[in-house]
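Written below as structure tokens is the structure these notes are about.
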Amino acid sequence: MCCVLSRRTCDRRWMGYIDMPTCFIETLGCKVNHFESESILARFAELGWRRADPWGRTDLYIVNTCCVTQKAAMQSRQAVRRAIRRHPSAFIIVTGCYAQTAPKEIASIPGVHLILGNDFKENIPNLAPLEKPEHPPAINVNDEPTSSFFGFQGDTLQTRTRPFIKIQDGCNTFCSYCIVPYARGRSRSLPPDRVLDKIEALAKAGYQEVVICGIHIGRYGLDLKPKTSLLSLLEEIERAHPIKRVRLSSLEPTEITDEIIHLLARSRIICPHLHIPLQSGDDQVLKRMNRPYTALSYRDLIFRIVKNLPHVAIGADVMVGFPGESESAFANTLNLVRGLPLSYLHVFPYSRRKGTRAYSFGEQVPPQIIKRRSYAMRSLGREKRVAFYKKSIGTTTEVLIEEKRDSMTGHLTGLTGNYIPVLVDGKDNLMQKIVKVRLYKIAHGKVFGRPVIHN
Numbered sequence: 001m002c003c004v005l006s007r008r009t010c011d012r013r014w015m016g017y018i019d020m021p022t023c024f025i026e027t028l029g030c031k032v033n034h035f036e037s038e039s040i041l042a043r044f045a046e047l048g049w050r051r052a053d054p055w056g057r058t059d060l061y062i063v064n065t066c067c068v069t070q071k072a073a074m075q076s077r078q079a080v081r082r083a084i085r086r087h088p089s090a091f092i093i094v095t096g097c098y099a100q101t102a103p104k105e106i107a108s109i110p111g112v113h114l115i116l117g118n119d120f121k122e123n124i125p126n127l128a129p130l131e132k133p134e135h136p137p138a139i140n141v142n143d144e145p146t147s148s149f150f151g152f153q154g155d156t157l158q159t160r161t162r163p164f165i166k167i168q169d170g171c172n173t174f175c176s177y178c179i180v181p182y183a184r185g186r187s188r189s190l191p192p193d194r195v196l197d198k199i200e201a202l203a204k205a206g207y208q209e210v211v212i213c214g215i216h217i218g219r220y221g222l223d224l225k226p227k228t229s230l231l232s233l234l235e236e237i238e239r240a241h242p243i244k245r246v247r248l249s250s251l252e253p254t255e256i257t258d259e260i261i262h263l264l265a266r267s268r269i270i271c272p273h274l275h276i277p278l279q280s281g282d283d284q285v286l287k288r289m290n291r292p293y294t295a296l297s298y299r300d301l302i303f304r305i306v307k308n309l310p311h312v313a314i315g316a317d318v319m320v321g322f323p324g325e326s327e328s329a330f331a332n333t334l335n336l337v338r339g340l341p342l343s344y345l346h347v348f349p350y351s352r353r354k355g356t357r358a359y360s361f362g363e364q365v366p367p368q369i370i371k372r373r374s375y376a377m378r379s380l381g382r383e384k385r386v387a388f389y390k391k392s393i394g395t396t397t398e399v400l401i402e403e404k405r406d407s408m409t410g411h412l413t414g415l416t417g418n419y420i421p422v423l424v425d426g427k428d429n430l431m432q433k434i435v436k437v438r439l440y441k442i443a444h445g446k447v448f449g450r451p452v453i454h455n
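First residue of the sequence shown? That's 1 in my numbering, and the numbers climb one at a time after it.
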């Protein structure tokens, strides 16, 4: 797709406002999208913009979209239409993965002014559409994203207690059901020294934990010169000890080595929490998905991790209803998951995405069967979560207290290192601190705790 937004337009600054201009970003999808939105908002703040209230008037409204499933694409379209309806005077920019893969679909929505692919996100604060176009919106989308947007220099303005740090973008794997490699391009990494600089900057700004994220972080560093690896990066972080806690986002099962497991087991700062996509527990389905492991190898990995990290939280993605998934194949997945010491599940109904290999596969599973299987797997996921929570009752552990209270109980909210949300009966001065908490009960699926007071 050709670039139709002129360089002259790209180089101009927002201007012409008497009062401080306002902007708002609505973000859909993954941690990477949320990181990029926070970085863009931080840059706008540096340029003198004010973050608008989502319901108030705003000069600029950006929708950072997702397309990982048909539902995500639909929600992205709904978000765009809602923004146009609620903010008729705003300049509307649509970016993100749905904008990257289906810009013409977005261009058909009246009221959109500018469509930007993932390569052009970092330019948004420097763009200057001084007046709304009378004709269809300008589209600026490359066929394959190649830029590396890892945030701006000195970017520490975050709205989260646990800010994200993006260390990698893109994916080279091309699972047969997945649109993400087409939306994000090939794998590319942020050099280790810049990762450490970002962690140190956030620690100096008062943050206690960072979440390392990317599209495929197990491929981290393989594109750099000289090559490096996720293990090497984690070892550098461990040596530097720049912050109290570091949490990893999703890691593929084939990329969790014994060295990574042993590092986590002895680490002072890396949280005992791993999210490891399974997708299916049937070998034939895994093969059709182009997933490079077997049910047995996944099982062995999980038990190896738990042997070395007894209190670890392990989450898994499970896809139900993939083309050709028979009743026996689904039963294989259900039985595998039932026998694994998993802490929680993210269950996804298969979503047929045009442009992927699986789109043309036969043996599509009927929607009513997908719905039934989703319900069964989610029920098992709830059982797993509650069982994991119950094992923690009576223990004392460190909890990072967030800057908010639970709306139902009024308690502080926090998170343990092994990913248990806790409602803490405590005062506001505990917010943004890591405190020792005694976990004393579970009620309505929630864990309650009290701060441990040392006299």
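All C-beta atoms, glycine included, are put in the ideal place defined by N, C-alpha and C.
Note that the coordinates shown come from a computational prediction; the quantities given were computed from them, not determined experimentally.
Contact the segment 321-337 vs the segment 300-312: 3+ CB pairs below 8 Å: Put simply, the segment 321-337 does not touch the segment 300-312. Fewer than three CB pairs are less than 8 Å apart.
Which of helix, strand or coil DSSP assigns to GLU26: Note: GLU26 maps to strand in three-state DSSP.
Straight-line gap, ARG219 to THR409 (C-alpha atoms, nearest Å): Separation of ARG219 and THR409 (C-alpha to C-alpha, rounded to the nearest whole angstrom) is 42 Å.
Range of the contiguous alpha helix (DSSP H) that encloses LEU380: Unbroken alpha helix (DSSP H) run through LEU380: 367-392.
Straight-line Cα distance separating PRO133 from THR65: Rounded to whole angstroms, THR65 and PRO133 show a C-alpha spacing of 22 Å.
Reference THR58, options ILE25, ARG188 and LEU412, closest by Cα: Comparing Cα positions, the closest option is ILE25.
Rounded straight-line distance, which links the Cα of PHE174 to that of SER6: Bear in mind that a pLDDT of 35 at SER6, under 50, signals an unreliable position, so the model cannot answer this.
DSSP bridge partner residues for SER189 (one or two, in chain order): In the DSSP secondary-structure assignment, SER189 is bridged to GLN168.
Stretch pair the segment 98-113 + the segment 65-76: three plus CB contacts closer than 8 Å: Flag = yes, the segment 98-113 and the segment 65-76 touch.
Alpha-carbon to alpha-carbon, CYS23 and TYR344: Straight through space, the alpha carbons of CYS23 and TYR344 are spaced by roughly 36 Å.
Endpoints, alpha helix (DSSP H) assigned at VAL337: Counting along the chain, the alpha helix (DSSP H) containing VAL337 begins and ends at 327-338.
Simplified DSSP state of CYS10, which is helix, strand or coil: Because CYS10 carries a pLDDT of 36, less than 50, the predicted location of this residue cannot be relied on, and no value is offered for it.
Residue environment, ALA83, which counts as buried when at least 16 other CB atoms sit within 10 Å: In summary, ALA83 is buried, with 16 or more beta-carbon neighbours lying within 10 Å of its beta-carbon over all protein chains present.
Supposed contact pair VAL437 and THR396 - C-beta distance, whole angstroms, cut 8 Å: Right, their Cβ atoms sit about 7 Å apart.
Reduced DSSP secondary structure (H/G/I, E/B, other) of GLU144: In the structure shown, GLU144 sits in coil (DSSP, three-state: anything other than H, G, I, E or B).
Assigned secondary structure, CYS213 (DSSP; H/G/I helix, E/B strand, else coil): CYS213: strand per DSSP, three-state reduction.
Three-state secondary structure assigned by DSSP to TYR61: In the structure shown, TYR61 sits in a strand (DSSP, three-state: E or B).
Identity of the residue in PRO310, TYR182, SER232 and GLN432 nearest GLY355 by Cα: Nearest C-alpha to GLY355: TYR182.
Rounded straight-line distance, which links the Cα of ILE370 to that of ARG160: Taking the straight line from one Cα to the other gives about 35 Å.
Straight-line gap, GLY185 to ARG77 (C-alpha atoms, nearest Å): When rounded, the distance between both Cα atoms is 22 Å.
Cβ separation of SER374 and VAL347, assumed to be a contact under 8 Å, to the nearest whole Å: About 6 Å; that satisfies the 8 Å criterion.
Run of the alpha helix (DSSP H) containing GLU238, from where it starts to where it stops: It spans 230-240 - the alpha helix (DSSP H) in which GLU238 sits, taken as one unbroken run.
Minimum C-alpha distance to VAL452 - residue among HIS273, GLU403, VAL399 and ARG268: Residue VAL399 is the option with its Cα nearest to VAL452.
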